[in-house]
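Visitor: In the working numbering, the protein residues as written are 88 to 604.
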Ligand SMILES: OC[C@H]1O[C@](O)(CO)[C@@H](O)[C@@H]1O
């Protein structure tokens, strides 16, 4: 995903004039709805799959098993490939469409990708809301996934191109913030809709995705195209006018010339994928793969997708489980705001390292708590409410640790380290790796819980140890470093410097203003 920090920083000598106009604010708020939908879909499926009426209708075998073996192994209650397929099909679809979207976004504009995303979302939400059979659910999720591929490709790119450079960092995390708000909205609605008499509340939960979907569909029709995209498609005069309108001033020449130059420079790179394999881009390639992989191996989506199911497993009733998901969702939103506040003050490394240690402690604690009560056979006997509440508290502290570290930084850091000539390939790789591992975690979690039992949390804890050491040794601080000076951080790094010998990076503003995904 593209993002913040593409503009000139404090050391670049360039200070493009321009204001944070109401026009920009309005366009960015509408565009950020793409993040809301992503979050909504992440948050909605877990709650819906914990509603009895939904399970009974679409997954009767899971429902029967859940009802029948109350006192037996809690770990395996929900282990159903079809059930996980319902959740995870979306991510596979998103992975595929993000690859197509890269071309649409570049050749036909950001607006069209967002419009396609919105239309696909509407189709998916309708199919899900009116579903009569499992296939309708899964096809609906696939449509939603296609929509997410387009929206996640185009929206962050759109935001970073529209925003005045000074606000790009905050706007980047703004996208993750809207994802977390979407997750929370889904959790709250699930909690309310589950109480509807007649057991059809899940239809409202799933169909509710129509609201943000319609907003982005209509929004993308009225949103302006970005100047970068217009230049890229040969419409220079239109681009200059747009830039004036967006920045709220008439003198936009300096920025405009740089956009044109950046577009021309990027056209000379004909195979960004091959470029990415060059020795001097080894650190970038490593980060493009490992950062999204590690983000998913924190295990966060075990909580985001399956919190209600998990809470049911540790002994809460249906309603309390959904309520607990609302609590974790709220923590997620608030802690992401902490990150917006602190990321440029305390730096990326501090947040990564602190968040890592916090997550590790909580994962070990959750594992011990569950292990002590559930043992290996998964039979908790009488589990006191206070005990389950302690588990939820640890989970909340864990979510906070994620939400101010790997959550937003998993997008921000890659977006600020890629130089233009590899940006398109590296960013696509970043999104693709994220989706693949989101898919894998979603698909195998319930089976893993069944087999690894309380050890599942130790499995993710192990990865948190690995990633925390990785950050400590291999990630240089990128706080307050202008994009065009980023090469320096690798050149000075104890390990990565060996790949940088004899490397002369193109300098200046040319490479900064044309974020491509
Ligand atoms: O807020 C948690 C959410 O954030 C993401 O990591 C995206 O950045 C999702 O995979 C996860 O569900």
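We put the beta carbon where it would ideally sit given N, CA and C, even for glycine.
Hey, quick one: how far does the alpha helix (DSSP H) through residue 121 stretch, first residue to last?
Guide: 109-135
Visitor: Can you find the residues in the same chain that come closer than 6 Å, C-beta to C-beta, to residue 544, ignoring five residues on each side of it along the sequence?
Guide: 450, 453, 454
Visitor: Tell me where the alpha helix (DSSP H) around residue 223 begins and ends.
Guide: It spans 221-249 - the alpha helix (DSSP H) in which residue 223 sits, taken as one unbroken run.
Visitor: For ligand 1, any of its heavy atoms closer than 7 Å to the Cβ of residue 498?
Guide: yes
Visitor: Helix, strand or coil for residue 403? Go by DSSP, reduced to three states.
Guide: coil
Visitor: Any heavy atom of ligand 1 closer than 7 Å to the CB of residue 419?
Guide: yes
Visitor: Do residue 192 and ligand 1 come close, with the Cβ less than 7 Å from some heavy atom?
Guide: no
Visitor: How would you write the range of the alpha helix (DSSP H) that residue 143 sits in, first residue to last?
Guide: 139-145
Visitor: Hey, is residue 494 close to ligand 1, as in C-beta under 7 Å from one of its heavy atoms?
Guide: yes
Visitor: Please indicate yes or no: does the CB of residue 490 lie closer than 7 Å to some heavy atom of ligand 1?
Guide: yes
Visitor: Could you check whether the Cβ of residue 391 sits closer than 7 Å to any heavy atom belonging to ligand 1?
Guide: Under cutoff, so the answer is yes.
Visitor: Taking only the alpha-carbon atoms, compute the straight-line gap between residue 200 and residue 266 and give it to the nearest angstrom.
Guide: Each residue's alpha carbon lies about 18 Å from the other.
Visitor: How many angstroms separate the CA atom of residue 375 from the CA atom of residue 234?
Guide: 23 Å
Visitor: Applying the 10 Å Cβ sphere with the 16-neighbour rule, what's the burial state of residue 117?
Guide: Under a 10 Å Cβ-count criterion, residue 117 is classified as buried, with 16 or more other Cβ atoms of the shown protein chains found around its own Cβ.
Visitor: Does DSSP put residue 217 in a helix, in a strand, or in coil?
Guide: coil
Visitor: So residue 434 and residue 492 are in contact, right, with Cβ under 8 Å, and what is the actual spacing, rounded?
Guide: The Cβ separation is near 11 Å, so there is no contact.
Visitor: In three-state DSSP terms, what is residue 491?
Guide: coil
Visitor: Is the beta carbon of residue 315 less than 8 Å from the beta carbon of residue 498?
Guide: In this structure, residue 315 keeps its C-beta atom at 8 Å or more from the C-beta atom of residue 498.
Visitor: By Cβ distance, which residues of its chain are closer than 7 Å to residue 332, with the 5 residues on each side in sequence left out?
Guide: 110
Visitor: Beta carbon of residue 127, beta carbon of residue 216: below 8 Å?
Guide: It is not a contact, given that the beta carbons lie outside the stated cut-off.
Visitor: Determine, using beta carbons only, whether residue 390 and residue 527 come nearer to each other than 8 Å.
Guide: no
Visitor: Starting from the C-beta of residue 478, find all residues in its chain whose C-beta is less than 8 Å away, skip the five residues before and the five after it, and write them out in chain order.
Guide: 401, 453, 456, 457
Visitor: Give me the residue from 180, 146, 459, 308 with the minimum Cα distance to residue 170.
Guide: When each option's Cα is compared against that of residue 170, the closest is 146.
Visitor: Is residue 398 near residue 408, with beta carbons less than 8 Å apart?
Guide: yes
Visitor: Taking the C-alpha atoms as reference points, what is the distance between residue 432 and residue 424?
Guide: Cα to Cα, residue 432 sits roughly 13 Å from residue 424.
Visitor: Find out if the Cβ-Cβ distance for the pair residue 218, residue 227 is shorter than 8 Å.
Guide: yes
Visitor: Apart from the five residues just before and just after residue 175, which ones in its own chain have a Cβ nearer than 6 Å to its Cβ?
Guide: 526, 529, 530
Visitor: Just to confirm, are residue 346 and residue 378 a CB contact at a threshold of 8 Å?
Guide: For residue 346 and residue 378, no; Cβs fall outside 8 Å.
Visitor: Taking the beta carbon of residue 177 as the centre, do at least 16 other beta carbons fall within 10 Å, making it buried, or is it exposed?
Guide: buried
Visitor: Taking the alpha helix (DSSP H) that residue 381 falls in, what are its first and last residues?
Guide: 369-384
Visitor: What separation, rounded to the nearest whole angstrom, lies between the Cα atoms of residue 179 and residue 380?
Guide: 15 Å
Visitor: To the nearest angstrom, report how far apart residue 142 and residue 287 are at their CA atoms.
Guide: Inter-residue distance for residue 142 and residue 287 is about 11 Å (C-alpha atoms, whole angstroms).
Visitor: Would you say residue 576 and residue 563 are within 8 Å of each other, going by their C-beta atoms?
Guide: Taking the C-beta atoms as reference points, residue 563 is found nearer than 8 Å to residue 576.
Visitor: Taking just the CA atoms, how far does residue 427 sit from residue 240?
Guide: 22 Å
Visitor: Using 10 angstroms around the beta-carbon of residue 585, count the other beta-carbons present and answer buried if the total reaches 16, otherwise exposed.
Guide: With fewer than 16 other Cβ atoms within 10 Å, it is exposed.
Visitor: Going by the beta-carbon positions, is the gap between residue 273 and residue 115 smaller than 8 Å?
Guide: Contact: no.
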